[in-house]
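In what follows, a single structure is set out as structure tokens and then discussed.
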Amino acid sequence: VDSMNIFGIHNLGVDVKFLEDFADDSGIPQLRECFLPLRTLCDAILHQDSPTILADPKLRATIFPKLDATKLLAILEKFQDLNMVAKVRNRKVDDLPNLDKKVVYRILSQLRSEGL
């Protein structure tokens with residue numbers, strides 16, 4: 023994947039939800055746990071306070087203790103800002119955070135300063 027935006031992360035979260043539901047119905051013990059890292063990553067990025075949480079290492083570790091910061095860094099490095107049409111559309115979707123270039127850059131800077 024070359025790039026990803028907030029809608030891509032949202033859709034990935036929806037896909038993970040369906041996979042978790044399938045895992046629950048499969049009868050295979052602990053299959054659902056395989057999706058936990060991906061679920062945590064999506065939940066962290068899609069959290070309403072993600073700009074604040076992801077930029078603060080202590081807060082991030084408290085709220086998302088299982089979050090792999092290396093994977094977060096890899097995703098955010100591919101993150102693209104929404105174009106103007108998508109931004110207007112996003113205002114109607116209250117459950118998605120507004121992550122613009124400046125916010126993502128600040129989070130990336132913090133993650134890199136942590137030695138990731």
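Numbering-wise (the working numbering), the sequence shown opens with residue 23 and increments by one.
For each residue, glycine too, the CB sits at the ideal point set by N, CA and C.
Annotation: Q52 to E42 spans about 10 Å, alpha carbon to alpha carbon.
DSSP places F40 in the uninterrupted alpha helix (DSSP H) bounded by 28-48. L76 and A83 do not touch by the CB rule: their CB atoms are close to 11 Å apart, not below 8 Å.
L130 sits close to L98, with the two beta carbons spaced by under 7 Å.
Annotated three-state conformation of F57 is helix, per DSSP.
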